[in-house]
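For the first sequence, my numbering begins at 47 and goes up steadily by one.
Note that the Cβ used here is the ideal one computed from N, Cα and C, for glycine as well.
Quantities reported herein were computed from a predicted structural model and do not represent experimental measurements.
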Amino acid sequence: MTITLSFEDGTIRIAGDPPALPFVEDDPRSGTARAPAHRYADLRDALDERGVAYDDRVLSSAAAAADLDLETTYELRPYQREALDAWRDNGDRGVIELPTGSGKTVVAIGATAALSTPTLVVVPTIDLLDQWGRELEAEFGAPIGRFGGGEQRQERITVSTYDSAYLRADEVGGDFGLVVFDEVHHLGGEGYRDIARLLAAPARMGLTATFERPDGAHEVVSELVGPRVYRASADDLAGTHLADYDIKHIEVELTDEERARYEEAQGTFVDYLRTSNITFRSGSDYQELVKRSGTDPRAREALLAKQRAREVMMNSDNKVSELERILDRHRDDRVIVFTAHTDLVYRLSERFLIPAVTNETSAPERREILSRFRDGTYSRVVSANVLDEGVDVPDANVAVVLSGSGSEREFTQRLGRVLRPKDDGGRALLYELVSRETAEERVAARRR
DNA sequence: TTGACTCAACATCCTTTGCTACAA
DNA sequence: TTGTAGGTTTCCATGTTGAGTCA
Numbered sequence: 047m048t049i050t051l052s053f054e055d056g057t058i059r060i061a062g063d064p065p066a067l068p069f070v071e072d073d074p075r076s077g078t079a080r081a082p083a084h085r086y087a088d089l090r091d092a093l094d095e096r097g098v099a100y101d102d103r104v105l106s107s108a109a110a111a112a113d114l115d116l117e118t119t120y121e122l123r124p125y126q127r128e129a130l131d132a133w134r135d136n137g138d139r140g141v142i143e144l145p146t147g148s149g150k151t152v153v154a155i156g157a158t159a160a161l162s163t164p165t166l167v168v169v170p171t172i173d174l175l176d177q178w179g180r181e182l183e184a185e186f187g188a189p190i191g192r193f194g195g196g197e198q199r200q201e202r203i204t205v206s207t208y209d210s211a212y213l214r215a216d217e218v219g220g221d222f223g224l225v226v227f228d229e230v231h232h233l234g235g236e237g238y239r240d241i242a243r244l245l246a247a248p249a250r251m252g253l254t255a256t257f258e259r260p261d262g263a264h265e266v267v268s269e270l271v272g273p274r275v276y277r278a279s280a281d282d283l284a285g286t287h288l289a290d291y292d293i294k295h296i297e298v299e300l301t302d303e304e305r306a307r308y309e310e311a312q313g314t315f316v317d318y319l320r321t322s323n324i325t326f327r328s329g330s331d332y333q334e335l336v337k338r339s340g341t342d343p344r345a346r347e348a349l350l351a352k353q354r355a356r357e358v359m360m361n362s363d364n365k366v367s368e369l370e371r372i373l374d375r376h377r378d379d380r381v382i383v384f385t386a387h388t389d390l391v392y393r394l395s396e397r398f399l400i401p402a403v404t405n406e407t408s409a410p411e412r413r414e415i416l417s418r419f420r421d422g423t424y425s426r427v428v429s430a431n432v433l434d435e436g437v438d439v440p441d442a443n444v445a446v447v448l449s450g451s452g453s454e455r456e457f458t459q460r461l462g463r464v465l466r467p468k469d470d471g472g473r474a475l476l477y478e479l480v481s482r483e484t485a486e487e488r489v490a491a492r493r494r
């Protein structure tokens, strides 16, 4: 009896009598065997290896028959070519790690053209949905489908948000031969990883500037998309394809009043740790404290105190004074200011008359501000985390990080905002402001 | 079509003191 | 002996996004 493979609700249905394979399970309800859709390529390999004949109906007729005959006019830069080759050598699977501004999109376009198969591109934001849509349309001269932002139109090349892909993967999972995950580190999220599980696409490409995740979930991404096959850092490309840069680390003192508030709050936190048998041996022990805070008022008070201490050290007055000096020094430059708190964003915006972009800024207003930043009407902009990722931010040459998390990813993304090569060949500059003798010194050390 | 709202999901959040098991 | 990695799980707060609903 011949084996027949087909796609059904995010799984591969295997009718007939398949050999025992570790990822194939019996499905008593349908009387057939099933494998998770993402194992499609493995399944075919295993059957081929055993010389088992099978009728493959997994990819919908459109996807299976399609030779889109795509061509790209892009001339790949040497590192882009190497990345694409490494990905192809790994059986059209794997993650490519390239810094912001180095042209990750171009590599994906190269892959799409090379495979000429129906392609799904998954992106985290609507902004990126639009950008990819425009770029693919211009490059291939074909209509580009969209899942997300109020549209649900499928084409042979379709761009989707992670959220819409999550909602539709079990239904359209058999329609694409190639899937590209932009900012693929998001795929490690508990829910999003199901997207990759429900798609049958044998060819998979992940793109990111920061592959590794502090919670280790990049291992899951490796399983679902493939291992990291190529990596170039900002340092590798600085001076040639990206701007050279300097990082200036500036320490500021807390005022007496801030110091008192900081010590009081931080003391409350540390005291609780000392008296409650909570040890911080590894990062996730913080979760233990959070859990306790649900039932233990003292734990809750300790966390709130920690929150207050963080606010004091991150938003200290002397950082604002220091920013004033920096802005003065860089009158003729294009400056992006980053903070960790929206309150501070608005304070800075009022005091220095800088346009602010936060999550509360409406989409049209945000477009307006960024467009004026692009054409030079505005030379400065201040934001919390909105501009870190997934937004097309016009190039700047000076970044000021007033405060941030210990996340290496956040830091890399912020640095990436100033790394596009400068017309005059000038260097980019990132200022990092840190309150002396506070936990912020550790935080800053951790992110690098 | 728009704008406002709600909701769910994701990400970060972190410190000293030395437990325990195991590998080099 | 010395050095290093190990195991556990649902939520204090803030910032951000996309989807969905309704006027």
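So does the segment 368-379 actually touch the segment 341-353, counting three or more Cβ pairs closer than 8 Å? no
So Ser429 and Ala402 are in contact, right, with Cβ under 8 Å, and what is the actual spacing, rounded? 7 Å
Nearest residue (CA-CA) to Asn22, options Gln200, Arg455, Asp378, Ile172: The question about residue 22 has no answer, for the chain in this structure spans 47 to 494.
If I'm right that Thr151 touches Thr158 with Cβ under 8 Å, what's the distance once you round it to whole angstroms? Not confirmed; about 10 Å, so no contact.
Please determine, among Thr50, Ser106, Leu465, the residue with the shortest C-alpha to C-alpha distance to Gly513. Here the chain covers residues 47 to 494 and nothing more, so residue 513 does not appear.
Would you mind sorting Val336 into buried or exposed? The rule is 16 or more other CB atoms within 10 Å of its CB. exposed
Between which two residues does the alpha helix (DSSP H) carrying His264 extend? 264-271
8 Å Cβ cutoff met for Ile49 and Leu89: no
Inter-stretch contact at 8 Å, needing at least 3 Cβ pairs: the segment 303-310 / the segment 347-358: yes
Closest by C-alpha distance to Arg320, when choosing among Ala348, Glu71, Glu487, Asp470: Ala348
If you drop the 5 nearest sequence neighbours on each side, which residues of the same chain put their C-beta closer than 6 Å to that of Val226? Ala154, Val167, Met251
Considering Leu175, what are the terminal residues of the alpha helix (DSSP H) in which it resides? 172-186
What three-state label does DSSP hand His295 in the structure shown? strand
What first and last residue would you give for the alpha helix (DSSP H) that runs through Tyr238? From DSSP, Tyr238 is part of no alpha helix (DSSP H); its letter is neither H nor E.
What do you reckon, are the CB atoms on Tyr208 and Ile241 nearer than 8 Å? yes
Pop quiz: His84 and Pro170 are said to be a contact at Cβ under 8 Å. What is the actual Cβ separation, rounded to whole angstroms? The pair is not a contact, with the Cβ atoms about 20 Å apart (cut-off 8 Å).
Who are the Cβ neighbours of Glu201 in its own chain at under 8 Å, not counting the five residues just before and after it? Ala188, Pro189, Ile190, Gly191
Answer yes or no: do Asn364 and Val298 have a C-beta to C-beta separation smaller than 8 Å? yes
Member of Arg123, Asp138, Asp290 whose CA lies at the smallest distance from the CA of Lys468: Asp290
On the DSSP bridge list, what partners appear for Glu71? Arg80
Using the Cβ count rule (16 or more neighbours within 10 Å means buried), how would you classify Ala386? buried
Suppose only complete runs of 3+ residues qualify. What are the beta strand (DSSP E) ranges in the segment 410-438, listed by chain order? 426-429
Out of Arg239, Ala255, Leu253, state which residue places its alpha-carbon closest to the alpha-carbon of Ala263. Arg239
So, under 8 Å CB-CB, Pro248 and Tyr100 are touching, yes? Tell me the CB distance rounded to an integer number of Å. In fact, because the Cβ distance is near 15 Å, the residues do not count as touching under 8 Å.
Could you give the DSSP three-state label for Ser148: helix, strand or coil? coil
Taking the DSSP output, what are the residues bridged to Gln198? Phe193
8 Å Cβ cutoff met for Leu244 and Asp221: no
Are Trp133 and Val275 close, meaning C-beta to C-beta below 8 Å? yes
Output needed for Gly147: all residues of its chain with C-beta closer than 7 Å, excluding positions within five of it in sequence on either side, in chain order. Leu288, Gly462, Leu465, Arg466
Out of Asn361, Asn405, Ala79, point me to the one whose CA is closest to Ser451's CA. Asn361
Pair within 8 Å by beta-carbon distance, Arg75 and Ile60: no
Straight-line CA distance for Ala246 to Val271? 11 Å
Using C-beta distances below 6 Å, list every residue in its chain close to Thr301, excluding the 5 sequence neighbours before and after it, in chain order. Asp363
Nearest residue (CA-CA) to Asp434, options Glu454, Arg127, Asp421: Glu454
Kindly indicate which three-state DSSP category Thr57 falls into: helix, strand or coil? strand
Whole-angstrom distance between Val230 and Asp55, CA atom to CA atom: 23 Å
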